[in-house]
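Accompanying notes for the structure given below.
The structure is reproduced here in structure tokens:
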């Protein structure tokens, strides 16, 4: 959530103004840490780019004769990265000259910055303190926004002493090929090598320590293209060339892979699984949960019974005949009904209360209407010198605007809301937040400080809104520590940006899945996002549409998260975000579409999730500036949902 939300044009201008500045002075011992930051070698190495979408070009360039080009597509943001050795605890300055729409510069798991529309060469700059002996820096564009360019990328600071990334392996070649497997071998990489990764597209299909691997579980008469990269503690090498191989068994053999697996029809104790028929000769289908067969049928659907109430399950399907069994389908997940929601409503509305002044209506906490079921106080502040620790006080600017609002009055207001059956939680992060939980010590500091604030002010829980990087491992440690002390009544919510919930491998998504046993709700910010792919992986849906809300929420709803843990986050007014505002009636349409399959746009979800939790808005203060139109419209609809 942004602390300072303005209209889209003003936001874009502010971003360019903020980031197009000269690089900050480096420490006295600074040296260039990156390799090939100007791409003057004419090759990408040691940079690697996702999807093979990066290249070195001769025009346009800022200096020299070469620059980086990233060809972002509707399904890949053309992320180009380099891993380098650094000195933990040392400050570094990262900068790059870029041009194009929506160009991002950052440190993996740490700080980042971006520009929305650099028609000319524009410098992006950020500083950070290294938390380990290596970092990965990156540039990327945005889905569906076209090509970006970068030149003169620099990382200034003290160089580390660790190994450099290995050289590219030799091109792989195929050995023994069967109906279901391919044996590969390749030439060893130069340098220090921990192991190798065999890729099919962007997916790692094998991770051997030697220079050969056998890829198993393939379909008969199927074609596959592989490449290989070496890796060590410094990062991953450039990839080798490709080898394309077709398995044997053409015209005979096992069936093709089943497709379009969906899980629906949930009851307290059962789930329905359906799929598309396989090609070839099919005797029947086996439905697996992990490695266990849960059903064997001749048709293309089945009901799995005897399940526990409010339990999540993930299934794959394989076809079989007299020759053998097909490869497994893509997985699909579902949750049985009967989930308890504690003292919270089945469907609810969350809003953020601003502890600062930015043009929206300043409010005492007690002025928040009861149409908001959960009130997230934005934001906690980092404690200087104590990594991970946070504190909270009423902002001096807000206090002045309200004629002298004090911490004591705020505590009384928290109690007032709780007396109205509203929940008050403390949000950590925001656009300008600097809280970082990147170590076990920081996790302990985070939990200790939050427990103190919950005890002092009476908060019901915590909201995680870290927009500048999140370490899923240590944040999970912190939240489990906190819950062990507060108890099962602790509310834990998250407010990831849309990009954070595109893939289950992303940090935020991983955290949500890892703590789903104690997680209350994920309020994804479906705004400030541009166009992005939905769960159908067919189109880059435009923000500010019912299709965008339903197709992207579908990604989470098809994961192992329960529907009651998922809500739609939207701005309350056009002034509250740079883009993505929709009328509250559109939010209601999206909820109807996901819950009952009605009021959808051109995208119709593959299942129905009647227990979807509700909606969130940034912010209550902006909603107040508009007569509480968002809360009145959406909350009344949520109350009417079955």
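Residue numbers (mature numbering (1 follows the signal peptide of the UniProt record, and there is no 0)): -22 to -1, 1 to 620.
Glycine included, each C-beta is placed from N, C-alpha and C at the ideal position.
* Candidates 305, 540, 108, 93: closest to residue 269 by CA position -> As a working mapping, residue 269 is identified with position 291 in the chain shown. That would be 305, whose Cα lies nearest to the Cα of residue 269.
- request: Measure the Cβ-Cβ separation of residue 241 and residue 311 and say whether it is below 8 Å.
  value: Within the chain shown, numbered from 1, the residue matching residue 241 stands at position 263. Within the chain shown, numbered from 1, the residue matching residue 311 stands at position 333. Yes.
Let me know the beta strand (DSSP E) ranges lying completely inside the region 524 to 554, each 3 residues or longer, listed in chain order. 544 to 549
query = At which residue ranges does the region 302 to 334 contain complete beta strand (DSSP E) runs of 3 or more residues, listed in the order of the chain?
reply = 310 to 313, 326 to 332
Review point. In chain order, what residues of the same chain lie with their CB nearer than 8 Å to the CB of residue 373, ignoring the 5 residues before and after it?
Key: On the chain shown, position 395 is the one that residue 373 refers to. These residues qualify, in order along the chain: 333, 334, 335.
Quick check on this structure: which residue in 105, 542, 22, 560 has the alpha carbon closest to the alpha carbon of residue 70? One-based indexing of the chain shown puts residue 70 at position 92. Out of 105, 542, 22, 560, 105 has the C-alpha closest to the C-alpha of residue 70.
For residue 186, which residues in the same chain have their Cβ closer than 8 Å to its Cβ, ignoring the five residues on either side in sequence? Looking up residue 186 in the chain shown gives position 208. Counting only Cβ-Cβ distances below 8 Å, and skipping sequence neighbours, we find 173, 174, 176.
Discussion item. Can you look up residue 44 in the DSSP assignment and give me helix, strand or coil?
Written reply: In the chain shown, residue 44 corresponds to position 66, counting from 1. Residue 44: coil per DSSP, three-state reduction.
task = Out of 370, 340, 355, state which residue places its alpha-carbon closest to the alpha-carbon of residue 361.
result = Translated into positions along the chain shown, residue 361 becomes position 383. Comparing Cα-Cα distances from residue 361 to each of 370, 340, 355, the minimum goes to 370.
If you compare alpha carbons, which of 521, 532, 461, 426 is closest to residue 497?
The residue you call residue 497 lines up with position 519 of the chain shown. Nearest C-alpha to residue 497: 461.
Discussion item. Buried or exposed, going by whether 16 or more other CB atoms sit within 10 Å of the CB of residue 38?
Written reply: As a first step, residue 38 is located in the chain shown; it is residue number 60 there, counting from the start. Classification for residue 38: exposed.
* Have a look at residue 581 and residue 528 and give me their C-alpha separation to the nearest angstrom. => Start at 1 with the first residue of the chain shown, and residue 581 comes out as number 603. Start at 1 with the first residue of the chain shown, and residue 528 comes out as number 550. Those two C-alpha atoms are separated by around 8 Å.
- Message: So, for residue 545: in the same chain, excluding its five sequence neighbours on each side, which residues have a beta-carbon less than 6 Å away from its beta-carbon?
- Response: Sequence index remark: in the chain shown, residue 545 carries index 567 (1-based). Cβ neighbours of residue 545 beyond the five flanking positions: 499, 501, 591, 592, 593, 594.
If we count Cβ pairs, one from each stretch, closer than 8 Å, do we get three or more for the region 113 to 128 versus the region 82 to 98? yes
**Asked** Just curious, the beta strand (DSSP E) that residue 106 is in, first and last residue?
**Response** Sequence index remark: in the chain shown, residue 106 carries index 128 (1-based). Run containing residue 106: 90 to 107, per the beta strand (DSSP E) assignment.
Could you say which of 17, 587, 313 lies nearest to residue 60 if we only look at CA atoms? Translated into the one-based positions of the chain shown, residue 60 becomes position 82. Ranking 17, 587, 313 by Cα distance to residue 60 puts 17 first.
Quiz item: Thinking C-alpha only, which one of 283, 275, 263, 291 is nearest residue 303?
Solution: Working through the chain shown from its first residue, we reach residue 303 at position 325. If we check each option's Cα against that of residue 303, 263 comes out closest.
Out of 218, 382, 541, state which residue places its alpha-carbon closest to the alpha-carbon of residue 147. The residue you call residue 147 lines up with position 169 of the chain shown. Per the Cα distances, 218.
DSSP three-state label for residue 380, please.
As a working note, residue 380 is residue 402 in the chain shown. Residue 380: coil per DSSP, three-state reduction.
Query raised in the report: For the beta strand (DSSP E) that contains residue 454, what are its first and last residues?
Result: Counted from its first residue, the chain shown places residue 454 at position 476. DSSP places residue 454 outside any beta strand (DSSP E); the residue lies instead in the alpha helix (DSSP H), whose first and last residues are 450 to 464.
Per DSSP, cross-strand counterpart(s) of residue 293
Within the chain shown, the letter at position 315 stands for residue 293. 310, per the DSSP bridge assignment.
Margin query: Please report the straight-line C-alpha distance between residue 82 and residue 34, rounded to a whole angstrom.
Written below: Residue mapping note: residue 82 aligns to position 104 of the chain shown, counting from 1. Residue mapping note: residue 34 aligns to position 56 of the chain shown, counting from 1. Spanning the two alpha carbons is a distance of roughly 18 Å.
Sequence ranges, beta strand (DSSP E) only - wholly within the region 9 to 55, length at least 3: 32 to 35, 45 to 49
Within 8 Å, do at least three Cβ pairs link the region 405 to 425 to the region 385 to 397? no
**Item:** Inside the region 218 to 280 only - beta strand (DSSP E) runs reaching at least 3 residues
**Value:** 221 to 224, 237 to 242, 249 to 254, 262 to 267, 270 to 275
* Asked: Is the CB-CB distance between residue 150 and residue 163 below 8 Å?
  -> Along the chain shown, one-based indexing puts residue 150 at 172. Along the chain shown, one-based indexing puts residue 163 at 185. Yes, these two residues count as a Cβ contact at 8 Å.
**Item:** Proximity below 8 Å, CB of residue 341 to CB of residue 602
**Value:** Stepping through the chain shown from its first residue, residue 341 is reached at position 363. Stepping through the chain shown from its first residue, residue 602 is reached at position 624. Yes, the Cβ-Cβ distance between residue 341 and residue 602 is below 8 Å.
- Could you tell me the distance, in whole angstroms, from the CA atom of residue -2 to the CA atom of residue 80? For the purposes of this step, residue -2 is identified with residue 21 of the chain shown, where counting begins at 1. For the purposes of this step, residue 80 is identified with residue 102 of the chain shown, where counting begins at 1. Any reading at residue -2 needs caution, since the residue's pLDDT is 37, under 50, leaving its predicted position unreliable; the model's value is listed next. Roughly 17 Å separates the two Cα atoms.
Fill in: Local conformation of residue -14 per DSSP, three classes
Translated into the one-based positions of the chain shown, residue -14 becomes position 9. At residue -14, the pLDDT of 34 sits below 50, so the modelled position is not reliable; the number obtained from the coordinates is stated separately. DSSP places residue -14 in helix when its eight states are reduced to three.
- Below 8 Å, can you find three or more Cβ-Cβ pairs linking the region 433 to 440 to the region 375 to 392? yes
Original post:
Of all the alpha helix (DSSP H) runs that stay within the bounds of the region 390 to 435, which reach a length of 4 or more residues?
Top reply: 418 to 435
Worksheet item: Beta carbon of residue 299, beta carbon of residue 226: below 8 Å?
Response: For the purposes of this step, residue 299 is identified with residue 321 of the chain shown, where counting begins at 1. For the purposes of this step, residue 226 is identified with residue 248 of the chain shown, where counting begins at 1. Judged by their CB atoms, residue 299 and residue 226 are not nearer to each other than the 8 Å cut-off.
Tell me the DSSP secondary structure of residue 209 in three-state form. By 1-based counting over the chain shown, the position of residue 209 is 231. DSSP places residue 209 in strand when its eight states are reduced to three.
- Message: Between which two residues does the beta strand (DSSP E) holding residue 357 run?
- Response: On the chain shown, residue 357 is found 379 positions in, with the first residue counted as 1. Taken as a continuous stretch (DSSP letters only), the beta strand (DSSP E) holding residue 357 covers 352 to 360.
Segment limits, alpha helix (DSSP H) that includes residue 598
Residue mapping note: residue 598 aligns to position 620 of the chain shown, counting from 1. Start and end: 598 to 602.
Residue 478 and residue 487 closer than 8 Å at C-beta: The sequence position of residue 478 within the chain shown is 500, counting from 1. The sequence position of residue 487 within the chain shown is 509, counting from 1. Contact flag set, yes.
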